[in-house]
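To keep things clear, I will list the structure first and then write my remarks on it.
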Amino acid sequence: MRTAPHHVTSGTLPLLLLTIITLSSCVSITRTERDVHTITRRDTTRTDRVNNTPGDRDNGVIFPSSRTLVTERHIVQYDSVAEREYPNFIRLGVFEGVSLIGSAIDGESTLNGLFGLFPTVDKLLRPSLPKEERSALFSGSILRFGIGEWRLRIFDDAPGWSWGVTAFETLTPDDNSANTLRGAGVLTLTKRWYLRSKIPYGAIRASSSFALFPSQYVNTSVSADLGSIGGLNLRFYAGYAFGMSGQSVTDNGLTFPSAFVNFPYIGLGFSSFDFLNREEELDVEWKYHEHSAWSLQPADFVLLGADVENGLWGRRENANGRSSLITGIAFRLGSADLALPFLDYRLSVGTSLLNTVVLGTQDFGIGVLPIRVSYMWHPFVKDFAVQPFLEYNFAPSSFVHLGARGSLPISEQVTLQVVAAYVSGSNGSLFGVDFEGQLGGIERVEGVYIGIGASLFDHFFNRDELRYGKGYPHE
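Counting in the numbering used here, the sequence shown runs from 535 upward without gaps.
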């Protein structure tokens, strides 16, 4: 999403993949405990049988007894295995973005906005356009991908300590590529002091990060954290980073040698699909953990058809038809919908890390962290959900998204979706750039679409799985 004029060196991607594979093989996110019991069952069967002798008998004459008694003993032994699964991590996150204040060294602002996630539409779709001349509060950003923390038992098992690894991160103080610090497999040591014991948690966190490749640096920071709730977190940072930047190459082919970089910063951060467990929660089985969200969707897409002039897959041939019924696509990344205490907790508020609706090449909208209100309805069975929604995307495009979404899981990894919606607003392009990056587009976007698609690796919770309405202390 960020299109600053620099990128990592060619050796970073293989190292990133190697780091992820190594972490997944060495550290687990679930701890399994097994209790093996040997069960012995003993059974004794006594059979008492009397066979009457046929014919007449003289009274008073004692006959030999015909009674038989058979005793059988049975012993059966078998093993019984009881398994319990617990979370094995303190923190597990997919993405975190931090916008930095006062971090500029000898460059200007990257103009990526709040959390480092709000570049302009023109910068996203056509980076070669001139840089906008505007003031900016945020000088740079920190972006982290693949975050994991596990309990660290030191100082006589003192609480709040953890160690972790970040798969990849960039620290960008300004738009000068030579000042950017990049790390793969970044080691982190963290200490937390919890101020709030109810969800969402509040904590003060002190951490130090150490990176060796492709840059060599140390990043120390203190932050005030709020979260996690539905995987969403807010953080306020104050920190200092220093180290060697490592060789970097710009998009223009210019090479910058490694140089010593240091800068203090204040930052405001947001993370999505970033889950936090307190230490006592590591002893609570997974099936008893509390859930705050109706749904968690890492990625979903819809192939759609709309009445537009220029579709992504063909122009309209005449007034009555077109070369393709599919004109565009809508996709979301990192979506979460949190239950609200209204209408039996079925009313929810949610957001997405990225929300893009493309009716056609000139009719599109790109939203980052939109505000979405929806209602969760299960009309027939628990697995089938209908979700009417109203969504406002405020940047980098500004548009309203109103519609309904039907969802039906067809496997553990895939959920079928059908969406009908109305879109109205502005795509936010100041230079008239269309979705293919060409000039000559229109700023206004409006239309109705119907589409079918899928959500991948999502989870829809049922009403009885939510932590609300059960008399828990946090309510």
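Built from N, CA and C at the ideal position, the CB exists for glycine as well. Values in this document were obtained by computation on a predicted structure and should not be read as measured data.
message: So Y751 and G773 are supposed to be a Cβ contact under 8 Å. How far apart are they, rounded?
response: On the sequence shown, position 217 is the one that residue 751 refers to. On the sequence shown, position 239 is the one that residue 773 refers to. In fact, because the Cβ distance is near 12 Å, the residues do not count as touching under 8 Å.
- request: In angstroms with no decimal places, state the Cα-to-Cα distance between S941 and N996.
  value: Locating residue 941 in the sequence shown gives position 407, counting from the first residue. Locating residue 996 in the sequence shown gives position 462, counting from the first residue. If I take the Cα positions, the gap works out to 13 Å.
task: Indicate the three-state DSSP secondary structure (helix, strand or coil) for D998 in the structure shown.
output: For the purposes of this step, residue 998 is identified with residue 464 of the sequence shown, where counting begins at 1. Helix.
task: Within 10 angstroms of the Cβ of F991, are there 16 or more other Cβ atoms? Answer buried if so, exposed if not.
output: Here the question's residue 991 lines up with position 457 in the sequence shown. Result: exposed.
- prompt: Would DSSP call G650 helix, strand or coil?
  reply: Reading the sequence shown from its first residue, position 116 is the one you call residue 650. It is helical.
message: What would DSSP say about S711, mapped onto helix, strand or coil?
response: Taking the sequence shown and counting its residues from 1, one reaches residue 711 at position 177. The three-state reading of DSSP puts S711 in helix, counting H, G and I together.
task: Check whether the stretch 890-898 touches the stretch 976-994, counting contact only when three or more Cβ pairs, one atom from each stretch, lie closer than 8 Å.
output: yes
Nearest residue (CA-CA) to N710, options G694, D690, L645, G764: Taking the sequence shown and counting its residues from 1, one reaches residue 710 at position 176. It is L645.
- prompt: How is K732 classed by DSSP in three states: helix, strand or coil?
  reply: Numbered from its first residue, the sequence shown carries residue 732 at position 198. In the structure shown, K732 adopts coil according to DSSP, grouped into three states.
message: Please report the distance separating the alpha-carbon of V632 from that of V953.
response: Looking up residue 632 in the sequence shown gives position 98. Looking up residue 953 in the sequence shown gives position 419. Answer to the nearest angstrom: the Cα atoms are 33 Å apart.
- prompt: Between the Cα of P930 and the Cα atoms of P904, V948, W697, which residue gives the shortest distance?
  reply: Walking along the sequence shown from the start, residue 930 turns up at place 396. The alpha carbon of P930 has as its nearest neighbour, out of P904, V948, W697, the alpha carbon of P904.
query: What span of residues does the beta strand (DSSP E) with L810 cover, start to end?
result: As a first step, residue 810 must be located in the sequence shown, where it is residue number 276. It spans 794-810 - the beta strand (DSSP E) in which L810 sits, taken as one unbroken run.
message: If you follow the beta strand (DSSP E) that L881 is in, where does it begin and where does it stop?
response: Position 347 of the sequence shown, counted from the start, is the residue given in the question as residue 881. From DSSP, the beta strand (DSSP E) with L881 extends over 881-892.
- request: Specify the secondary structure class of V915 as computed by DSSP and reduced to three states.
  value: The residue you call residue 915 lines up with position 381 of the sequence shown. Here V915 sits in coil by DSSP.
query: Using a threshold of 7 Å, is the CB atom of W695 nearer than that to any non-hydrogen atom of the ligand SAM?
result: With respect to the ligand SAM, the structure shown offers nothing to examine, as it has no ligands at all.
task: Would you mind stating whether S826 and L872 have Cβ atoms separated by less than 8 Å?
output: Position 292 of the sequence shown holds residue 826. Position 338 of the sequence shown holds residue 872. Yes, they are a contact pair.
- request: Taking 8 Å as the cut-off, decide whether the C-beta atoms of D656 and F965 are in contact.
  value: Along the sequence shown, one-based indexing puts residue 656 at 122. Along the sequence shown, one-based indexing puts residue 965 at 431. Cβ distance < 8 Å, so D656 and F965 count as in contact.
query: In angstroms, rounded to a whole number, what distance separates the CA positions of D577 and D569?
result: Against the sequence shown, residue 577 aligns to sequence position 43. Against the sequence shown, residue 569 aligns to sequence position 35. Spanning the alpha carbons of D577 and D569 requires a straight line of approximately 26 Å.
- request: Report the rounded CA-to-CA distance for L768 versus R726, giving the unit in angstroms.
  value: On the sequence shown, position 234 is the one that residue 768 refers to. On the sequence shown, position 192 is the one that residue 726 refers to. Distance between the alpha carbons of L768 and R726 is about 15 Å.
field: At least three beta-carbon pairs within less than 8 Å, the stretch 693-705 to the stretch 657-666
entry: no
- request: Within 10 angstroms of the Cβ of T581, are there 16 or more other Cβ atoms? Answer buried if so, exposed if not.
  value: Sequence index remark: in the sequence shown, residue 581 carries index 47 (1-based). Counting Cβ neighbours within 10 Å, T581 comes out exposed, since fewer than 16 surround it.
Span of the alpha helix (DSSP H) around D690: In the sequence shown, the residue the question calls residue 690 occupies position 156. Taken as a continuous stretch (DSSP letters only), D690 belongs to no alpha helix (DSSP H), as it is neither H nor E.
query: Does the stretch 809-825 come close enough to the stretch 907-925 to have 3 or more Cβ pairs within less than 8 Å?
result: no
- prompt: Among the residues of its own chain, which have a CB less than 7 Å from the CB of P913, if the five just before and after it don't count?
  reply: If you number the sequence shown from 1, residue 913 lands on position 379. The residues are V920.
message: Taking the beta strand (DSSP E) that D613 belongs to, which residues open and close that run?
response: To locate residue 613, count along the sequence shown from 1; it is residue 79. Taken as a continuous stretch (DSSP letters only), the beta strand (DSSP E) holding D613 covers 601-621.
- request: Within the same chain, show all residues whose beta-carbon is closer than 6 Å to that of T722, passing over the 5 residues directly before and after it, in chain order.
  value: As a working note, residue 722 is residue 188 in the sequence shown. A distance below 6 Å between beta-carbons, with the five flanking residues on each side excluded, links T722 to the following residues of its chain, in chain order: G698, S741, S743.
- prompt: Where do the N-terminal and C-terminal ends of the beta strand (DSSP E) with D509 fall, by residue?
  reply: It is not possible to answer for residue 509, since the shown part of the chain is limited to 535 through 1009.
- prompt: Which value, in whole angstroms, describes the spacing of the CA atoms of L1000 and W828?
  reply: Residue mapping note: residue 1000 aligns to position 466 of the sequence shown, counting from 1. Residue mapping note: residue 828 aligns to position 294 of the sequence shown, counting from 1. The alpha-carbon atoms of L1000 and W828 are separated by roughly 8 Å.
S762 burial status per 10 Å Cβ neighbour count (16 or more: buried): As a first step, residue 762 must be located in the sequence shown, where it is residue number 228. The residue is buried, with at least 16 neighbouring Cβ atoms inside 10 Å.
query: Considering only residues of the same chain and omitting the five flanking positions on each side of R730, which have a CB-CB separation below 6 Å?
result: Taking the first residue of the sequence shown as position 1, residue 730 is located at position 196. Excluding sequence neighbours, R730 sits near G736.
message: Here's the rule I'm using: 16 or more other beta-carbon atoms within 10 Å means buried, otherwise exposed. How should I563 be labelled?
response: As a working note, residue 563 is residue 29 in the sequence shown. I563 should be labelled exposed.
Range covered by the alpha helix (DSSP H) that runs through L659: Stepping through the sequence shown from its first residue, residue 659 is reached at position 125. Run containing L659: 655-659, per the alpha helix (DSSP H) assignment.
message: Can you tell me whether T861 is buried or exposed? The criterion is at least 16 other CB atoms within 10 Å of its CB, across all chains shown.
response: In the sequence shown, residue 861 corresponds to position 327, counting from 1. Its Cβ being crowded by 16 or more others within 10 Å, T861 is buried.
- request: To the nearest angstrom, report how far apart P791 and T714 are at their CA atoms.
  value: As a working note, residue 791 is residue 257 in the sequence shown. As a working note, residue 714 is residue 180 in the sequence shown. Computed Cα separation, rounded: 12 Å.
message: Going by C-alpha to C-alpha distance, which of V891, L867, Y879, E683 sits closest to T885?
response: Counting from one through the sequence shown, the residue named residue 885 turns up at place 351. That would be L867, whose Cα lies nearest to the Cα of T885.
query: Mapping DSSP to helix, strand and coil, what is L816?
result: As a working note, residue 816 is residue 282 in the sequence shown. Residue state, collapsed to three classes: helix.
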